[in-house]
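Trainee: The following block contains the structure, expressed as structure tokens.
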Amino acid sequence: MVHERANYPTNAVNMMDVGVGDLNVNSKDKIVAVPKKCCIIAPHQKKYLKLSQRNGTGVGVFSLQHSSRPLDHSDSALYFEMLHSKRLTCVVMSSDGSHMLTGAADMSVRLWKVDFSKSMNQGSSTMTTSSAATFKESSHSRDITLVGSFCGHLGRITCLDMSLSYNLVVSGSADRSMMIWDLRTGRLIRALSHFDNCLLSVSINHLSGHIVGLTRSSMYLFNINGVVLAHVAINHTTPVTGSDFLGISPATVGVAIPTPEWLEGVEAVTGHEGGLVCLWKLRRVVTHIEG
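Residue numbers (the numbering used here): 51 to 341.
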């Protein structure tokens, strides 16, 4: 794979001084980014989630200001707490904004049906953690409902993504494995465990089904069946467009996005410490076998 630095005009939130936590392409085909421990709420991208600092087991909902000002985490409209029995480690939204996935230090993944379109009056919710072995609906509050849980990892959950198009959930863990689940039934489809480090980010391309997995030192591209299509070491010596080199700060998130016309051929977008954003394309290598 080869990559090039993103030179396209971007929303001001891309120009942050901290690590990138989530990336998306808005309706104007511009890249939108939020800091680590935050997640953009699709499809309108007017709000975002941030892991709660109150007790570590919840999330806050904030308005996303598309301006040059830094994100303000002091004015949350909604808080949802006690979503897991232990500290929340990651959160992701579905592409239509109807569902939320949460992962935690309790090694479980939970799927929630949500409605963040209602009034943004501050409030919080509490719940007693239910059995993670069942996959059935239970009441939580008028804005959030527990749909089910995915269990199988042997370490804390480090990253998540879901695809409504393919009915898939992908989870990464500190146990250095990636698991692919059936979104509708909660059944484990396959587990991949050949990574050099724990996964920092996973992302599903909602058009192709390709899955991007990012560790501290490598980025992987899989097809929907878990077959590796490409693998690249991603660090400060990564070559860029031939013989040039770019001092790349550590990657914090990798996103597989349905490609707009101006991003033709791009398979992944990565966000880095310091706010750098990079675009990645596949370089196809043809091997001739003699005889």
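Where is the CB? At the ideal position from N, CA and C, for every residue including glycine.
1) Put Glu317 into one of helix, strand or coil per three-state DSSP.
2) If you check the beta carbons only, do Gly71 and Gly321 fall under 9 Å apart?
3) Assuming Ile207 contacts Met157 under a Cβ cut-off of 8 Å, what Cβ separation, rounded to an integer in Å, is found between them?
4) Taking the alpha-carbon positions, what's the His134 to Ala154 distance?
5) Could you tell me whether the Cβ atoms of Val220 and Asp232 are closer together than 9 Å?
6) Are there 16 or more other CB atoms within 10 angstroms of the CB of Leu279, so buried, or fewer, so exposed?
7) Judging by CA-CA distance, which residue of Thr235, Ala318 and Met269 is the nearest neighbour of Ile284?
8) Ends of the beta strand (DSSP E) at Phe35?
9) Quick one: give me the first and last residue of the beta strand (DSSP E) that Val84 is part of.
10) From this set, Leu271, Arg333 and Phe130, which residue's C-alpha is nearest Ile254's C-alpha?
11) Between Ala241 and the rest of its own chain, which residues show a CB-CB distance below 6 Å, the 5 nearest in sequence each way excluded?
12) Could you pull out every residue in the same chain whose Cβ sits closer than 7 Å to the Cβ of Gly108, ignoring the five residues on either side in sequence?
13) Can you round the beta-carbon distance between Gly222 and Gly198 to whole angstroms, since I take them to be within the 8 Å contact cut?
14) Of the residues Leu161, Phe166, Gly69 and Ser148, which one's Cα is nearest the Cα of Cys201?
15) Just list the residues that DSSP pairs Arg240 with in beta bridges.
16) Got a sec? Which residues, its chain only, sit under 7 Å from Glu323 by beta carbon, not counting five neighbours each side?
17) For Gly324, which of helix, strand or coil comes out of DSSP?
18) Enumerate in chain order the residues of its own chain whose CB-to-CB distance from Lys87 is below 8 Å, with the five nearest sequence positions on each side excluded.
19) Excluding the 5 residues preceding and the 5 following Ala318 in the sequence, name in chain order all residues of the same chain whose CB lies nearer than 6 Å to its CB.
20) Excluding sequence positions up to five away, which residues of its chain have a Cβ less than 6 Å from the Cβ of Arg266?
21) Can you tell me whether DSSP reads Gly205 as helix, strand or coil?
22) Have a look at Asn105 and Lys136 and give me their C-alpha separation to the nearest angstrom.
23) Specify the secondary structure class of Ile307 as computed by DSSP and reduced to three states.
24) Does Ser113 pass the burial test, meaning 16 or more other C-beta atoms within 10 Å, or should it be called exposed?
25) How should Asn74 be labelled, buried or exposed, when 16 other C-beta atoms within 10 angstroms of its C-beta is the threshold for buried?
26) Indicate whether Gly276 and Leu218 have their beta-carbon atoms separated by less than 9 Å.
27) Of the choices Gly325, Lys96, Leu249 and Val111, whose alpha-carbon is the least far from that of Asp193?
Mentor: Looking at the coordinates:
1) strand
2) yes
3) 7 Å
4) 7 Å
5) no
6) exposed
7) Met269
8) The first residue shown for the chain is 51 and the last is 341, placing residue 35 beyond what the model contains.
9) Ile81 to Pro85
10) Leu271
11) Ser227 and Met229
12) Ser102, Tyr129, Phe130, Glu131, Met132, Leu133 and Leu138
13) 19 Å between Cβ atoms; not a contact.
14) Leu161
15) Ile230
16) Gly69, Ser299, Pro300 and Thr302
17) helix
18) Gly71, Lys100 and Leu101
19) Val262, Gly304, Ala306 and Trp330
20) Asn247
21) coil
22) 9 Å
23) coil
24) exposed
25) buried
26) no
27) Val111
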